[in-house]
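As structure tokens, the structure follows; a few thoughts come after it.
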Amino acid sequence: MGEHREIVVVGGGPVGACAAYYLATGGASVTLLEKEAEVCPPVSGAHANCGLLVPGDVEPLASPGALGKGLRWMRDSSSPFYIAPRPSPDLVRWLWLFRAAATKARARAAAPVLRALHVASASLHDELARDHGERWMFHHDGIVQAYEGSAAMAQACEEAEVARGFGVRAEVLAESEVRKRFPGMRGAVAGGIFFPEDGHLDPTLFTRAVAGLTAAAGADVRRGAEAIALEPEAGGVRVVTTRGNIVAGQVVLAAGAWTPALTRGLGLRLPIEPAKGYSVDVERPADFPELPLYLGDARCVLTPLGDALRLGSTLELSGWDMTIRRKRVAWLRNAGERVMGIPADGPVRQIWRGPRPVTPDGLPVIGRVPGRERVIVASGHCMLGLSLGPVTGQLVAELAGGAQPSLDLAPLSPGRFRA
Numbered sequence: 023m024g025e026h027r028e029i030v031v032v033g034g035g036p037v038g039a040c041a042a043y044y045l046a047t048g049g050a051s052v053t054l055l056e057k058e059a060e061v062c063p064p065v066s067g068a069h070a071n072c073g074l075l076v077p078g079d080v081e082p083l084a085s086p087g088a089l090g091k092g093l094r095w096m097r098d099s100s101s102p103f104y105i106a107p108r109p110s111p112d113l114v115r116w117l118w119l120f121r122a123a124a125t126k127a128r129a130r131a132a133a134p135v136l137r138a139l140h141v142a143s144a145s146l147h148d149e150l151a152r153d154h155g156e157r158w159m160f161h162h163d164g165i166v167q168a169y170e171g172s173a174a175m176a177q178a179c180e181e182a183e184v185a186r187g188f189g190v191r192a193e194v195l196a197e198s199e200v201r202k203r204f205p206g207m208r209g210a211v212a213g214g215i216f217f218p219e220d221g222h223l224d225p226t227l228f229t230r231a232v233a234g235l236t237a238a239a240g241a242d243v244r245r246g247a248e249a250i251a252l253e254p255e256a257g258g259v260r261v262v263t264t265r266g267n268i269v270a271g272q273v274v275l276a277a278g279a280w281t282p283a284l285t286r287g288l289g290l291r292l293p294i295e296p297a298k299g300y301s302v303d304v305e306r307p308a309d310f311p312e313l314p315l316y317l318g319d320a321r322c323v324l325t326p327l328g329d330a331l332r333l334g335s336t337l338e339l340s341g342w343d344m345t346i347r348r349k350r351v352a353w354l355r356n357a358g359e360r361v362m363g364i365p366a367d368g369p370v371r372q373i374w375r376g377p378r379p380v381t382p383d384g385l386p387v388i389g390r391v392p393g394r395e396r397v398i399v400a401s402g403h404c405m406l407g408l409s410l411g412p413v414t415g416q417l418v419a420e421l422a423g424g425a426q427p428s429l430d431l432a433p434l435s436p437g438r439f440r441a
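Going by the working numbering, the sequence shown opens with residue 23, and the numbers climb by one from there.
In structure tokens form, the structure reads like this:
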């Protein structure tokens, strides 16, 4: 049997929490399931990421440049993009689809889709922050991308020009302007790009706070309840969990990298790989400003979060192997030392790694499952789940309520990979 609920949201990360929030504040009866004992726990894909909000990021992961760099880096286990060799039909399929998507034409087609999502989500982030932003250290003051080499800087300027064509604000900074913003910077710096539309926040505090706001709006937030299967049910969907079964009128799947395991039972094979990311928290230098710094050559982000500085990035396709590769941690720490003088062997507050839900075309999956219309997928956000959480939540609420989505969801359809 099992209890009955109107809408069940599976996944308590930033996407799931935002979906439950917009559903609950819109008047729906919502149950939010998070498999860990607390929303956004240390093993969640949302905990301890770099905390960036990036409306200026319109280039999908699948691009000609990413393909070329990935092929060069894939054999180096310390590189920003590493693919661990393993026999996996799912990985082979993902790489094949990635190769097909990594063309100039496909990347150009994806850019306006990402831009529209980012602009809408940034506005919603601002709305949430007007009343609650201090709870999650919200800052909407921009991000600086700095480059050590002149060739990398020249390429960044070309990419910024392309981004401007999609409405992105991007300001080229001379070396002196970069150093003025970051007085502790050392070593070679060729220049930088400032993206004033971007921002940052604490991802753990944000997700916990939004889950709390969801509960305050009347939702049933259940921690320690893991969904292990979805089964068709007359008039709904049976959600089999570790704490009993629930029959839901509609289900929102926002389980991040765990989503494909739940869609297989619905006849949908989603090519979402658990791409492992890393971060290291150290003490924040006294002269580090309230402004994130992206080191373009090293593919490393430095985000100020109170008295901590988070060094993060890297992308590792190694399946569900969550082993911490010390070479990848060293990559981040060496970049921090080389550019900002942060000792690579200094004290560490936390080392984290977690799975990012990465699609082969770099676009999220938002929409109803073909043939199983009571199930809405909201996953596959790659490294943009925090940035795109609010707009995804709003789109899910529109779909669940039968309203016309405010953005075109055709490019994000769960069925787009079937062919």
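Even glycine gets a Cβ: it sits at the ideal position worked out from N, Cα and C.
*Could you check if G33 is buried or exposed, using at least 16 other CB atoms within 10 Å of its CB as the buried criterion?*
As a working note, residue 33 is residue 11 in the sequence shown. G33 is buried by the Cβ-count criterion.
_Opening and closing residue of the alpha helix (DSSP H) in which F228 lies_ = What you label residue 228 is simply residue 206 of the sequence shown in a count that begins at 1. Start and end: 225 to 238.
*Give me the Cα-Cα distance between A106 and G155, rounded to the nearest whole angstrom.*
Here residue 106 corresponds to residue number 84 of the sequence shown, with the count starting at 1. Here residue 155 corresponds to residue number 133 of the sequence shown, with the count starting at 1. Roughly 39 Å between the two C-alpha positions.
*Going by beta carbon distance, what residues of the same chain come within less than 6 Å of G407, once the five residues before and after it are set aside?*
As a working note, residue 407 is residue 385 in the sequence shown. Around G407: P36, V37.
*Where does A352 fall in DSSP's three states?*
On the sequence shown, position 330 is the one that residue 352 refers to. If DSSP states are grouped into helix, strand and coil, A352 belongs with the helices.
_Considering only their Cβ atoms, is the gap separating V200 from V397 smaller than 8 Å?_
Along the sequence shown, read from residue 1 onward, the residue named residue 397 stands at position 375. Along the sequence shown, read from residue 1 onward, the residue named residue 200 stands at position 178. Contact: no.
*Hey, could you find the ends of the alpha helix (DSSP H) R186 is sitting in?*
On the sequence shown, position 164 is the one that residue 186 refers to. First-last of the alpha helix (DSSP H) with R186: 172 to 186.
_Going by the DSSP bridge assignment, what does V32 pair with across the sheet?_
Stepping through the sequence shown from its first residue, residue 32 is reached at position 10. Paired residues: L55, L275.
*Select from Y316, A178, G437 the residue whose C-alpha is nearest the C-alpha of R394.*
Here residue 394 refers to the residue found at position 372 when the sequence shown is read from its first residue. The candidate whose alpha carbon is nearest that of R394 is G437.
*With 16 as the cutoff for other CB atoms within 10 Å, does I29 come out buried or exposed?*
Translated into positions along the sequence shown, residue 29 becomes position 7. The residue in question, I29, is buried, as its Cβ has 16 or more Cβ neighbours within 10 Å.
*Which same chain residues, not among the five before or five after L410, have their C-beta less than 8 Å away from its C-beta?*
The residue you call residue 410 lines up with position 388 of the sequence shown. If we look at L410 and ignore the five residues flanking it on each side, its Cβ neighbours are V37, L139, H140, S143, P386, H403.
*Consult DSSP for E156 and reduce its assignment to one of helix, strand or coil.*
Here residue 156 refers to the residue found at position 134 when the sequence shown is read from its first residue. Three-state DSSP puts E156 in a helix.
*In whole angstroms, what separates the C-alpha of V296 from that of V190?*
In the sequence shown, the residue the question calls residue 296 occupies position 274. In the sequence shown, the residue the question calls residue 190 occupies position 168. Checking the displayed sequence, the identity of residue 296 turns out to be Pro instead of Val. Whole-angstrom Cα-Cα distance: 29 Å.
*At what residues does the alpha helix (DSSP H) containing E193 begin and finish?*
Along the sequence shown, read from residue 1 onward, the residue named residue 193 stands at position 171. Note, E193: premise wrong, no alpha helix (DSSP H); beta strand (DSSP E) at 193 to 195.
*Can A182 and A129 be called in contact, C-beta distance under 8 Å?*
As a first step, residue 182 is located in the sequence shown; it is residue number 160 there, counting from the start. As a first step, residue 129 is located in the sequence shown; it is residue number 107 there, counting from the start. Against a cut-off of 8 Å, the Cβ pair of A129 and A182 comes out as no contact.
*asked:* Quick test of your reading: L284 and A249, contact by CB under 8 Å. State the CB separation rounded to the nearest angstrom.
replied: Residue numbering aside, residue 284 sits at position 262 when the sequence shown is read from its first letter. Residue numbering aside, residue 249 sits at position 227 when the sequence shown is read from its first letter. That belief holds up - the Cβ atoms of L284 and A249 are roughly 6 Å apart, short of 8 Å.
*A59 versus A212 - alpha carbon distance*: Taking the first residue of the sequence shown as position 1, residue 59 is located at position 37. Taking the first residue of the sequence shown as position 1, residue 212 is located at position 190. C-alpha separation (whole angstroms): 46 Å.
*Can you give me the start and stop residues for the alpha helix (DSSP H) that P443 sits inside?*
Limits of the chain in this structure are 23 at one end and 441 at the other, which puts residue 443 out of reach.
*Tell whether a beta-carbon distance below 8 Å holds between V391 and L288.*
Looking up residue 391 in the sequence shown gives position 369. Looking up residue 288 in the sequence shown gives position 266. In this structure, L288 lies closer than 8 Å to V391 by Cβ.
*In terms of residues, what are the limits of the beta strand (DSSP E) holding P296?*
As a first step, residue 296 must be located in the sequence shown, where it is residue number 274. Its beta strand (DSSP E) spans residues 295 to 305.
*For A256, count neighbouring Cβ atoms within 10 angstroms of its own Cβ and tell me buried if that reaches 16, exposed if not.*
Here residue 256 corresponds to residue number 234 of the sequence shown, with the count starting at 1. That one is exposed.
*Considering only the beta carbon of each residue, do L235 and M159 sit closer than 8 Å?*
In the sequence shown, counting from the first residue as 1, residue 235 sits at position 213. In the sequence shown, counting from the first residue as 1, residue 159 sits at position 137. Against a cut-off of 8 Å, the Cβ pair of M159 and L235 comes out as no contact.
*At which residues does the alpha helix (DSSP H) containing L190 begin and terminate?*
Within the sequence shown, residue 190 is the residue found at index 168, counting from 1. The sequence given here places Val at residue 190; Leu does not occur at that position. Unbroken run through V190: none, as it is neither H nor E.
_Rounded C-alpha distance that separates L292 from P282_ = The count along the sequence shown starts at 1 and reaches residue 292 at position 270. The count along the sequence shown starts at 1 and reaches residue 282 at position 260. Straight-line Cα distance between these residues: approximately 5 Å.
_Per DSSP, what are the beta-bridge partners of S335 in this structure?_
Residue 335 sits at position 313 when you count from the first residue of the sequence shown. S335 is bridged to Y300, C322.
*Taking all protein chains shown into account, do 16 or more other C-beta atoms lie within 10 angstroms of the C-beta of V259, making it buried, or fewer, making it exposed?*
Numbered from 1 along the sequence shown, position 237 holds the residue referred to as residue 259. Classification for V259: buried.
*Within its chain, find whatever has a CB closer than 7 Å to the CB of R306; leave out the 5 residues flanking it on each side and keep chain order.*
Position 284 of the sequence shown, counting from 1, holds the residue named residue 306. Around R306: P326, D329, A330, L331.
*Alpha carbon to alpha carbon, how far is D383 from A132? Give it in angstroms, no decimals.*
The count along the sequence shown starts at 1 and reaches residue 132 at position 110. The count along the sequence shown starts at 1 and reaches residue 383 at position 361. Approximately 8 Å, taken between the alpha carbons.
*In chain order, what residues of the same chain lie with their CB nearer than 8 Å to the CB of V262, ignoring the 5 residues before and after it?*
On the sequence shown, position 240 is the one that residue 262 refers to. A249, I250, A251, L252, E253, listed in sequence order.
*Take every Cβ of the segment 423 to 439, pair it with every Cβ of the segment 310 to 320, and state whether three or more of those distances are shorter than 8 Å.*
no
_Where E25 sits in the DSSP three-state scheme_ = Taking the first residue of the sequence shown as 1, we reach residue 25 at position 3. In the structure shown, E25 sits in a strand (DSSP, three-state: E or B).
*Reducing DSSP to helix, strand and coil, say where P282 ends up.*
If you number the sequence shown from 1, residue 282 lands on position 260. P282: helix per DSSP, three-state reduction.
*Quick one: is K298 buried, meaning 16 or more other Cβ sit within 10 Å of its Cβ, or exposed?*
In the sequence shown, residue 298 corresponds to position 276, counting from 1. With 16 or more Cβ atoms within 10 Å of its Cβ, K298 is classed as buried.
*Contact check, P77 vs E219 under 8 Å by CB: the rounded distance?*
Position 55 of the sequence shown, counted from the start, is the residue given in the question as residue 77. Position 197 of the sequence shown, counted from the start, is the residue given in the question as residue 219. With a Cβ gap of about 4 Å, P77 and E219 count as contacting.
*Just the C-alpha distance for R137 and L429, rounded to the nearest angstrom, thanks.*
Here residue 137 refers to the residue found at position 115 when the sequence shown is read from its first residue. Here residue 429 refers to the residue found at position 407 when the sequence shown is read from its first residue. Their backbone Cα atoms lie some 11 Å apart in a straight line.
*Note down, one range per segment and in chain order, each beta strand (DSSP E) of at least 3 residues found wholly within the segment 387 to 431.*
387 to 391, 394 to 401
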